[in-house]
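K.L.:
Below is a structure I'd like to ask you about.
There are 2 protein chains.
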Amino acid sequence: MGQRTDVPPISWLMHKALSRPKLISLAAGFTDNSTLPVEISRKLLNDILRSSKTGQPALQYGVTAGAENLRQLTAKHLQKLDGGHDRAHSPEHVIITGGSQQLLYMTLEALCDEGDIVLVEDPTYFVFLSILQSRDIKARGVKLERDGVDLVHLEYVLERLKKSGDLHRVKALYLVTYFQNPTGATTSLAKKSAALKLLKKYERAAGHSIYLLEDAAYRELRFDHGADVPTALTLPGAKDRVIYTGTYSKPYAPGTRVGFGILPEPLFTTVERIKGNHDFGTANLLQQLVARALATGLYDRHVAKVQNNYARKARVMKSALAEHFPASVEIWESGGGLYFWARLPKGISAGMKSCVFQTALKNDVLYVPGELCYADDPSRAKPDNEMRISFGSANEENIRKGIERLGKVLKKSI
Amino acid sequence: MGQRTDVPPISWLMHKALSRPKLISLAAGFTDNSTLPVEISRKLLNDILRSSKTGQPALQYGVTAGAENLRQLTAKHLQKLDGGHDRAHSPEHVIITGGSQQLLYMTLEALCDEGDIVLVEDPTYFVFLSILQSRDIKARGVKLERDGVDLVHLEYVLERLKKSGDLHRVKALYLVTYFQNPTGATTSLAKKSAALKLLKKYERAAGHSIYLLEDAAYRELRFDHGADVPTALTLPGAKDRVIYTGTYSKPYAPGTRVGFGILPEPLFTTVERIKGNHDFGTANLLQQLVARALATGLYDRHVAKVQNNYARKARVMKSALAEHFPASVEIWESGGGLYFWARLPKGISAGMKSCVFQTALKNDVLYVPGELCYADDPSRAKPDNEMRISFGSANEENIRKGIERLGKVLKKSI
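Protein sequences appear in the order of chains A and B.
Using this note's numbering, the letters of the first sequence correspond one by one to residues 1 to 414.
Using this note's numbering, the letters of the second sequence correspond one by one to residues 1001 to 1414.
Following this line, the structure appears as structure tokens:
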């Protein structure tokens, strides 16, 4: 009866972390406590609540799709990230949600029936897999390269689904396009474009639209301040086929849980109605906090500070990896986000039950086994020789110590 | 494909309200702007964000089930409302959600498959009906009396479902037990107890548990400060069968969207996992705001003020109703909440397409047609001669004017 939601392995990891006080967690995707905008938020909330004119609306119900000012500021913010491009960044298609997570959940509710199929990167964001599992939606993995999905493999997967008669169940391709969780990979615009064309090509055989669901949760956590890869929304033909989701949660503060989506019609209206049934709309007070941060420029200033902090911690982790990890471990380095991705030589398992993981735990260091980030896809075996290593929440000293401990474990095991 | 969510009629009503600036809305279930805790919230947020020790955790991710302090304060708060009773008010079974609405949504996800049946009051909270419709869950109406469901009719409905072979699809009875939306009715403890026993009696034939889902969203909006009816949680045998949901949104501030549920195992764990997939947990900053309001006693002081305000506005509406409404209209008066319920003589429609509704709209006054609050239940016709009239958001002058306008329309129609 009802949902059969499995125990998320991540709960187990978190529990482990809490039960060993000396443990250094390189597992959590938490952001860094020291960079949280405590002072800025206090100032902004004071400004909002100083007068009843702005205070009362902030404490009242709002509109389901989100506060008008935040929807407009969000569209403008994305236009800026996309170098001024404005084709698909209309405030009318912006919906404000409880983090981007809630947008992902509601989009799947709007798009998929039980037994439907969503194509995902191999590996991908494991909570997305958990949503799919809970809703009896199947995932099919597409190989991931350092600049995005392997296009040849994507076409191969689509072709196989066509031949097996399952193409009519395929509703979307889910891509985490910036500093991906877990690998750190960023999808090039050329790959976004080619993937979109491929999906389009198979729509006739599918009998319906196949959407590109672009998850840009880590987009603003970039280390340099250079040019950003534009979103798939900017591509020709994207208007009716690209769903974009982003968040203010990670770059600003997770404790505010404000994210957003941009959706084409008729999906936008369906998701808006689902949002009405979930919660009528995201807490107005938080929306006003984020809106004011954006409007005053304090958001941008804060994000620059956050970026510098993660860039520094990534450099610390990089040099520790170079010093302590065996040379046979392949490291994927990222230009942003919170993670390094490490691939052990074939045959060496880093999975939950592996000697590497258990020994690491005994030595008080925790990582996320890569196998957790692979879909249950019967058409291929799950690689188990990878690890996601995060520099998000640990401080510099613990990053160094943690990598040293992990390196010792690996040197004994490889 | 995916969810087929109908246009909620309430959106249409809201839209109407916005498009006629002179309109007096007695439709909205909004709370009163003038009572919103602007100054209190400013003080509390300042206190939280003054030091990084409390400010950082408030801006960081929390735990999915909710902040430990708020879960404990919530259990304690309910114990107090229930006159010290503590049997079923354990913090371990409290989950904090985005308003009580999100708890209702997730509970239905956890409990029901497509085609399942939930028994509801006739009439009931219309957004609950909208959730059921969007998830292809059927509703069966049980007659409502001024002190709760008609027990004879409840047994009749269960018996009929048993005979038609549909009892195995019945998962819950949904009751809005305090100052019900839309009628203002409060369910007596005797009726809660009898209903629980009746559900239990049919469990064997159903082949599974049938839950009593108690929605106490309006509980704290009582006009007197007298003794509260205890929740069904306090009844013997309730521990494994009662799901309770409440909210801080209405008594404190809707813009904070913090509600909660108390659920028995294994439902609690399922809902907690669903919550993890929805959004990882409600925004920590808002949880800390509510927790501090509760802990400092400012919450209680604020709620007393809100209660006095609504009590006064209810008195204003009551005397306006006595003055302007035809004597043939039956009025249900409530001891709390935001609504009066008016029943026109049989044969006079108050529905969306009725002359009464259209004339009222032309005369710039809006109410919620009672028919919207009835489930699509093929086993009975929907009454259409009722109206929900709210004193929630209008000020005293507009309450008087609105009722006067409505009275004139009714006098012409009856």
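Even glycine gets a Cβ: it sits at the ideal position worked out from N, Cα and C.
1. Is there at least one Cβ from chain E nearer than 8 angstroms to THR1296(B)'s Cβ?
2. Answer yes or no: do LYS1171(B) and VAL1118(B) have a C-beta to C-beta separation smaller than 8 angstroms?
3. Is the beta carbon of LEU1103(B) closer than 8 angstroms to that of LEU1394(B)?
4. Give the straight-line distance between the Cα atoms of GLU1272(B) and TYR1244(B), rounded to the nearest whole angstrom.
5. How long is the line joining the alpha carbons of VAL1258(B) and VAL1120(B), rounded to whole angstroms?
6. Which complete beta strand (DSSP E) runs does the region 1313-1356 of chain B hold, if anything under 3 residues is left out?
7. Please classify TYR367(A): does DSSP put it in a helix, a strand, or coil?
8. In chain order, which continuous runs of the alpha helix (DSSP H) of length 4 or greater are located wholly inside the region 1110-1186 of chain B?
9. So what's GLY402(A) in DSSP terms, helix, strand or just coil?
10. Kindly give me the distance between the Cβ atoms of ILE436(A) and TYR339(A), rounded to whole angstroms, as I take these residues to be in contact under 8 angstroms.
11. Return the chain-ordered list of same chain residues with a C-beta closer than 6 angstroms to the C-beta of ASP384(A), the five sequence neighbours on each side being excluded.
12. Using a Cβ cut-off of 8 angstroms (strictly closer), state whether MET1(A) contacts chain B.
13. Could you please give me the residues that DSSP links to VAL1094(B) through a beta bridge?
14. State the Cα-Cα distance for the pair VAL152(A) and THR1031(B), rounded to the nearest angstrom.
15. Taking ARG140(A) as the query, report the chain B residues whose CB atoms sit under 9 angstroms from its CB, ordered along the chain.
16. Does the region 260-269 of chain A come within contact of the region 39-56 of chain A, defined as at least 3 CB pairs closer than 8 angstroms?
17. Of all the options LYS1401(B), LYS1362(B), LEU1410(B), which has the alpha carbon lying nearest to the alpha carbon of ARG1020(B)?
18. Between the C-alpha atoms of TYR1211(B) and ALA1195(B), what's the straight-line distance to the nearest angstrom?
19. I need the DSSP call for TRP12(A), collapsed to helix, strand or coil.
20. 8 angstroms is my cut-off, CB to CB: does TYR1105(B) come that close to chain A?
21. Using a Cβ-Cβ distance under 8 angstroms, would HIS278(A) count as near chain B?
22. Would you mind reading off the limits of the alpha helix (DSSP H) that contains GLU39(A)?
23. What is the residue span of the alpha helix (DSSP H) that GLY276(A) lies within?
24. For GLN1101(B), decide whether its Cβ has a neighbour in chain A, counting only Cβ atoms nearer than 8 angstroms.
25. So, helix, strand or coil for TYR374(A), using DSSP?
26. Need the endpoints of the beta strand (DSSP E) that ARG1071(B) sits in, please.
27. Candidates PRO57(A), ASN181(A), LYS313(A): which alpha carbon is nearest LEU144(A)'s?
28. Quick check on ALA1217(B): buried or exposed, where buried means 16 or more other Cβ atoms within 10 Å of its Cβ?
29. Helix, strand or coil for TYR1061(B)? Go by DSSP, reduced to three states.
30. Does the beta-carbon of SER249(A) have 16 or more other beta-carbons within 10 angstroms, so that it is buried, or is it exposed?
31. Need the endpoints of the beta strand (DSSP E) that LEU1233(B) sits in, please.
32. Whose C-alpha, out of VAL1157(B), PRO1123(B), ASP1116(B), is nearest the C-alpha of ILE1137(B)?
33. Under the three-state reduction of DSSP, which class applies to ARG1301(B): helix, strand or coil?
34. Write down the C-beta distance between ALA1205(B) and LEU1173(B) rounded to the nearest angstrom, noting that I regard them as a contact closer than 8 angstroms.
35. Report the rounded CA-to-CA distance for LYS1346(B) versus LEU1198(B), giving the unit in angstroms.
36. HIS1061(B) versus chain A: which residues are under 9 angstroms apart at the beta carbon?
P.N.:
In terms of the structure at hand:
1. The chain labelled as chain E is not found among the protein chains of the depicted structure, namely A and B.
2. With contacts defined by Cβ atoms closer than 8 angstroms, LYS1171(B) and VAL1118(B) form a contacting pair.
3. With the sequence shown as reference, residue 1394(B) is identified as Ala, and Leu is not the correct amino acid for it. Result no, Cβ atoms of ALA1394(B) and LEU1103(B) do not sit closer than 8 angstroms.
4. Rounded to the nearest angstrom, the gap between the Cα atoms of GLU1272(B) and TYR1244(B) is 15 angstroms.
5. Those two C-alpha atoms are separated by around 24 angstroms.
6. For the region 1313-1356 of chain B, whole beta strand (DSSP E) runs of length 3 or above, ordered along the chain, are 1330-1332, 1339-1343.
7. If DSSP states are grouped into helix, strand and coil, TYR367(A) belongs with coil.
8. Secondary structure remark: continuous alpha helix (DSSP H) runs of at least 4 residues inside the region 1110-1186 of chain B, in chain order: 1126-1134, 1151-1163.
9. DSSP, reduced to helix, strand and coil, places GLY402(A) within a helical segment of the structure shown.
10. Here chain A comprises residues numbered 1 to 414, so residue 436(A) is not present and cannot be evaluated.
11. Excluding its 5 nearest sequence neighbours in each direction, ASP384(A) has C-beta neighbours in its own chain below 6 angstroms: SER349, GLY351, GLU371, listed in chain order.
12. Bear in mind that the predicted position of MET1(A) carries a pLDDT of just 48, short of 50, making it too unreliable to give a figure here.
13. For VAL1094(B), which the question treats as bridged, DSSP gives the partners ILE1262(B).
14. VAL152(A) and THR1031(B): Cα-Cα distance of roughly 57 angstroms.
15. Going along chain B, no residue has its Cβ under 9 angstroms from ARG140(A), so there is no contact; the nearest lies around 18 angstroms.
16. In the pairwise beta carbon analysis, the region 260-269 of chain A is classified as not touching the region 39-56 of chain A: fewer than three pairs are separated by under 8 angstroms.
17. The shortest C-alpha separation from ARG1020(B) is found at LYS1362(B).
18. Across the structure, TYR1211(B) and ALA1195(B) are spaced so that their CA atoms are roughly 10 angstroms apart.
19. Looking at TRP12(A) - three-state DSSP - the assignment turns out to be helix.
20. Taking a beta-carbon distance threshold of 8 angstroms, TYR1105(B) counts as an interface residue toward chain A.
21. When Cβ-Cβ separations below 8 angstroms define contact, HIS278(A) makes contact with chain B.
22. Looking at the DSSP string, the run of the alpha helix (DSSP H) that includes GLU39(A) is 38-50.
23. Following the DSSP letters along the chain, one finds GLY276(A) inside the alpha helix (DSSP H) bounded by residues 267-278.
24. It does; some Cβ of chain A falls within 8 angstroms.
25. DSSP, read as helix, strand or coil, puts TYR374(A) in coil.
26. That residue, ARG1071(B), is in no beta strand (DSSP E); its alpha helix (DSSP H) goes 1068-1081.
27. If we check each option's Cα against that of LEU144(A), ASN181(A) comes out closest.
28. Only buried fits ALA1217(B), as 16 or more other CB atoms lie within 10 angstroms of its CB.
29. If DSSP states are grouped into helix, strand and coil, TYR1061(B) belongs with coil.
30. Here SER249(A) is buried. Its C-beta has 16 or more other C-beta atoms within 10 Å.
31. Premise fails: LEU1233(B) is in no beta strand (DSSP E) and is neither H nor E.
32. The closest CA to that of ILE1137(B), considering only VAL1157(B), PRO1123(B), ASP1116(B), is found on ASP1116(B).
33. ARG1301(B) falls in the helix class under three-state DSSP.
34. Contact flag wrong, Cβ pair sits at about 15 angstroms.
35. Cα-Cα distance, rounded: 32 angstroms.
36. Sequence inspection shows Tyr at residue 1061(B); the His mentioned does not correspond to that position. Within chain A, the residues ALA28, GLY29, PHE30, THR31, SER249, PRO254, GLY255, ARG257 have their CB atoms less than 9 angstroms from the CB of TYR1061(B), given in chain order.
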